[in-house]
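Residue numbers (our numbering): 1035 to 1276.
So, in structure tokens, the structure goes:
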């Protein structure tokens, strides 16, 4: 069955104060592999952009089997897309350090019309329908929905130019850094993120003010980012001891 397999050096800039890979860095590497796979299968960025179509990620579910550290030196990402449904592409991942599996992930993506920013059926770009797929699951029953948060305000961020990507909105990996800024160093010292779920609800634009609210329940932190009173992103995080 089809898989794209790609290795990455863990750079000094990929890790946090504890030399553990940052969530934003992990998302970036997983998405690099997703893009490489899409290129390989014929529906990558260079193919779909001329048609005015783009891919956006709407959900992440990532479970770490242990901390990934600078001393691991490199990771290898295995990724494959499932056969698409009417409007959704599911893509799964396994992450290895050497022969050891250290993380698993699943993601949901949509095709969008880049002029109207409306969701398109997967049939809008035929090569994305007629390709190699692999319906193996890296995770059993990934969790896509996150409950609303009514917690305390913990961080405020104004969207700036460095947050933008080529779709002229906040790049999805940036939200991971925003989310973690809702915590103090003392709260996370000696811990790492062992599980994360992300819902991207609505895009954020330059100059908007994002307010983050958090609450703790059943061993998880729930974090919600709102702008102009609207929910834009939701996180569910679990920290474990390093």
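Think of the CB as a built atom: it goes at the ideal place given N, C-alpha and C, for glycine as much as any other residue.
Task: Limits of the beta strand (DSSP E) - the one that residue 1217 falls within - done: For the purposes of this step, residue 1217 is identified with residue 183 of the chain shown, where counting begins at 1. Note, residue 1217: premise wrong, no beta strand (DSSP E); not H, not E.
TODO: Flag this pair as yes or no: are the beta carbons of residue 1254 and residue 1271 separated by less than 8 Å?
DONE: Mapped onto the chain shown, residue 1254 falls at position 220. Mapped onto the chain shown, residue 1271 falls at position 237. Cβ atoms of residue 1254 and residue 1271: closer than 8 Å.
Task: the stretch 1082 to 1096 touching the stretch 1134 to 1149, judged by at least three CB pairs closer than 8 Å - done: yes
Open item on the list: Can you tell me where the beta strand (DSSP E) holding residue 1225 begins and where it ends?
Closed with: Translated into the one-based positions of the chain shown, residue 1225 becomes position 191. 1225 to 1234 is the span of the beta strand (DSSP E), which, as asked, contains residue 1225.
Task: Closest Cα partner of residue 1257 within the set 1114, 1062 and 1235 - done: Locating residue 1257 in the chain shown gives position 223, where the first residue counts as 1. The residue with the shortest Cα to Cα distance from residue 1257 is 1235.
Open item on the list: Between 1261, 1266 and 1222, which has its C-alpha nearest residue 1233's C-alpha?
Closed with: Within the chain shown, the letter at position 199 stands for residue 1233. Among 1261, 1266 and 1222, the Cα nearest to that of residue 1233 is on 1266.
TODO: Per DSSP, which residues does residue 1192 bridge with? Please list them.
DONE: For the purposes of this step, residue 1192 is taken as the residue at position 158 of the chain shown. Residue 1192 pairs with 1243.
Task: Residues that DSSP places opposite residue 1261 in a beta bridge - done: Against the chain shown, residue 1261 aligns to sequence position 227. Bridge partners of residue 1261: 1264.
Task: Whole-number beta carbon distance between residue 1137 and residue 1098, since they are thought to touch under 8 Å - done: Taking the chain shown and counting its residues from 1, one reaches residue 1098 at position 64. Taking the chain shown and counting its residues from 1, one reaches residue 1137 at position 103. At roughly 5 Å, the Cβ-Cβ gap stays under 8 Å, so residue 1098 and residue 1137 are in contact.
Open item on the list: Using only CA atoms, which one of 1087, 1063 and 1195 lies nearest to residue 1152?
Closed with: Against the chain shown, residue 1152 aligns to sequence position 118. The option with the nearest alpha carbon to residue 1152 is 1087.
Task: Span separating the alpha-carbon of residue 1226 from that of residue 1058 - done: Residue numbering aside, residue 1226 sits at position 192 when the chain shown is read from its first letter. Residue numbering aside, residue 1058 sits at position 24 when the chain shown is read from its first letter. So the two alpha carbons sit approximately 13 Å from each other.
- [ ] Could you work out which residue in 1183, 1215, 1230 and 1229 is closest to residue 1248 when comparing CA atoms only?
- [x] The residue given as residue 1248 occupies position 214 in the chain shown. Minimum Cα distance to residue 1248 is reached at 1183.
TODO: Can you give me the start and stop residues for the alpha helix (DSSP H) that residue 1065 sits inside?
DONE: Counting from 1 along the chain shown, the entry for residue 1065 is found at position 31. Its alpha helix (DSSP H) spans residues 1057 to 1075.
Task: Rounded separation between residue 1222 and residue 1180 - CA only - done: By one-based count along the chain shown, residue 1222 stands at place 188. By one-based count along the chain shown, residue 1180 stands at place 146. Their Cα atoms are separated by approximately 22 Å.
- [ ] Closer than 6 Å by C-beta to residue 1039: which residues in its own chain qualify, once you throw out the five before and the five after it? Chain order, please.
- [x] Walking along the chain shown from the start, residue 1039 turns up at place 5. Excluding sequence neighbours, residue 1039 sits near 1112.
Open item on the list: Can you list, in chain order, the residues of its chain with a C-beta nearer than 8 Å to that of residue 1119? Leave out the 5 residues immediately preceding and following it.
Closed with: As a first step, residue 1119 is located in the chain shown; it is residue number 85 there, counting from the start. Around residue 1119: 1156.
Open item on the list: So, does the stretch 1236 to 1244 touch the stretch 1188 to 1200, judging by three or more C-beta pairs under 8 Å?
Closed with: yes
- [ ] May I have the straight-line CA-CA distance separating residue 1036 from residue 1230, to the nearest angstrom?
- [x] Indexing the chain shown from 1 puts residue 1036 at position 2. Indexing the chain shown from 1 puts residue 1230 at position 196. So the alpha carbons of these two residues sit roughly 26 Å apart.
- [ ] Can you give me the start and stop residues for the beta strand (DSSP E) that residue 1126 sits inside?
- [x] By one-based count along the chain shown, residue 1126 stands at place 92. 1123 to 1131 is the extent of the beta strand (DSSP E) around residue 1126.
TODO: Specify, as a first and last residue, the run of the alpha helix (DSSP H) that residue 1098 falls within.
DONE: Here residue 1098 refers to the residue found at position 64 of the chain shown. That residue, residue 1098, is in no alpha helix (DSSP H); its beta strand (DSSP E) goes 1087 to 1098.
Open item on the list: Taking the alpha carbon of residue 1125 as the reference point, which residue from 1162, 1049, 1198 and 1228 has its own alpha carbon closest?
Closed with: For the purposes of this step, residue 1125 is identified with residue 91 of the chain shown, where counting begins at 1. For the residues 1162, 1049, 1198 and 1228, the minimum Cα distance to residue 1125 belongs to 1162.
Open item on the list: Could you compute how far the alpha carbon of residue 1148 sits from the alpha carbon of residue 1201?
Closed with: In the chain shown, the residue the question calls residue 1148 occupies position 114. In the chain shown, the residue the question calls residue 1201 occupies position 167. Between residue 1148 and residue 1201, the C-alpha separation is close to 8 Å.
Open item on the list: Let me confirm a value: residue 1176 is counted as buried when at least 16 other C-beta atoms fall within 10 Å, else exposed. Which label applies?
Closed with: Position 142 of the chain shown, counted from the first residue, corresponds to residue 1176. It is buried - the Cβ of residue 1176 has at least 16 other Cβ atoms within 10 Å.
Task: Start-to-end residues for the alpha helix (DSSP H) that takes in residue 1082 - done: Taking the first residue of the chain shown as position 1, residue 1082 is located at position 48. That run of the alpha helix (DSSP H) goes 1079 to 1082.
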